[in-house]
Amino acid sequence: MLELKNVSFSADGREILKNINLVIENEKFVVITGPNGGGKSTLAKVIAGIQKPDSGQILLDGQDITDWGITKRANSGISFAFQQPVRFKGVTVKDLITLASGKNLSTVAACEYLSEVGLCAKDYIDREINGSLSGGELKRIEIATVMARKTKLTLFDEPEAGIDLWSFKNLINVFEKMHSEIKGSILIISHQERILNIADQIVVISGGQVAQVGTKEEVLPGLFGVDLGCKYFKEA
Ligand SMILES: Nc1ncnc2c1ncn2[C@@H]1O[C@H](COP(=O)(O)OP(=O)(O)OP(=O)(O)O)[C@@H](O)[C@H]1O
Ligand SMILES: [Mg+2]
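Numbering (this note's numbering), first residue to last: 1121 to 1356.
Next up, the structure:
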């Protein structure tokens, strides 16, 4: 279980997260949504240890991890897929997936992760993770990588960004499958109604604060009616 207690974060003299209190229960599928600039990515970075809060506490299974760095948090079971994926020059897709899995993966096993995210594995497995990959390809490779980690808490920051509509439907299946197989908590930042629809819990972050927390039945009806300053993409 992940707990945030009165977490605040400022940058450039601006309070970006204000007294965030949040509990992510074990094995829950949680979706964070809310307007652009509301603080969602910052919140994910604070959880992953990329940004350090000015005040407040972060607890993982009751243990205070507030002062832990990125590596220690990653080793203790937190994975993070960035809104804008990181490139690793000189590292191949197979290297990265193998590294993420923490064991000696066969090429076939590494390829399975790529196939799950809709990439033709043989075309990608030996490619370097550099600027030659398209935005959507990078995004999918990153999703495959965090899937291979199988940690108790996986954070995805707008995984749908740059993924074409045809593949998006499959991506939903990938998340659902991952959730049932890993038996960990999944926290996805998303604006997509289809992702919101598969959530056990929805958290609305607006103006650096938790504006609402609840089940989809509780949160969704209000969400589409209220002008939060952001656009939600209803299915055609
Ligand atoms: N290091 C920083 N220095 C200054 N301002 C920052 C910093 N990090 C974030 N911000 C600001 O904090 C606010 C929240 O940013 P954040 O990226 O968390 O928003 P978001 O909810 O993820 O938005 P989006 O939906 O567009 O991805 C924004 O106004 C952003 O410009
Ligand atoms: Mg963001």
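Ideal Cβ placement from N, Cα and C applies to all residues, glycine included. Keep in mind the model is a prediction, meaning the values are calculated, not measured.
- Lys1223 and Arg1269 have their C-alpha atoms some 10 Å from each other.
- The residues Gly1197, Ile1198, Ser1199, Gly1304, in chain order, have a CB closer than 7 Å to that of Thr1271 in the same chain once the five nearest residues on each side in sequence are set aside.
- Following the DSSP letters along the chain, one finds Phe1200 inside the beta strand (DSSP E) bounded by residues 1198-1201.
- Put simply, of Ile1325, Asn1290, Pro1341 the residue whose alpha carbon is nearest the alpha carbon of Ile1136 is Ile1325.
- Looking at Ile1178, Ser1235, Lys1214, Glu1236, the one whose alpha-carbon comes closest to that of Ser1226 is Lys1214.
- Comparing alpha carbon positions, the residue from Asp1184, Asn1141, Asp1181, Gly1182 closest to Leu1163 is Asn1141.
- The C-beta distance from Ile1322 to Glu1296 rounds to 16 Å, too long to meet the 8 Å contact threshold.
- With respect to the 8 Å criterion, Val1211 and Glu1248 are classified as neighbours on the basis of their beta carbons.
- In this structure, DSSP gives Ile1322 an extended state, which the three-state scheme calls strand.
- Rounded to whole angstroms, Val1151 and Asp1181 show a C-alpha spacing of 20 Å.
- Distances from the CB of Asp1132 to the heavy atoms of ligand 1 include at least one below 7 Å.
- Residue pairing by DSSP puts Thr1274 in a beta bridge opposite Ser1199, Ile1306.
- Collapsing the DSSP output to three states places Asp1174 in coil.
- Nearest neighbour of Ser1128 by Cα position, chosen from Gly1255, Gly1154, Ile1178, Asp1277, turns out to be Ile1178.
- When DSSP states are grouped into helix, strand and coil, Ser1254 belongs to the coil group.
- For Asp1320, the CB stays at least 7 Å from every heavy atom of ligand 2.
- The beta carbons of Gly1158 and Gly1328 sit closer together than 8 Å.
- DSSP places Val1228 within a helical segment (H, G or I) once states are collapsed to three.
- For the pair Leu1340 and Leu1307, the CB atoms are not nearer than the 8 Å cut-off.
- Taking a C-beta distance under 8 Å as the contact criterion, Ala1229 and Val1266 do not qualify as a contact pair.
- Between Ser1161 and Asp1284, the CB-CB gap reaches or exceeds 8 Å.
- Under the DSSP assignment, Lys1242 falls in the alpha helix (DSSP H) whose first and last residues are 1241-1244.
- For Thr1218, no beta strand (DSSP E) run applies; the uninterrupted alpha helix (DSSP H) run containing it begins and ends at 1213-1221, by DSSP.
- Take Ser1287, set aside five residues on each side of it, and the residues of its chain with a beta-carbon closer than 7 Å to its own are Gly1238, in chain order.
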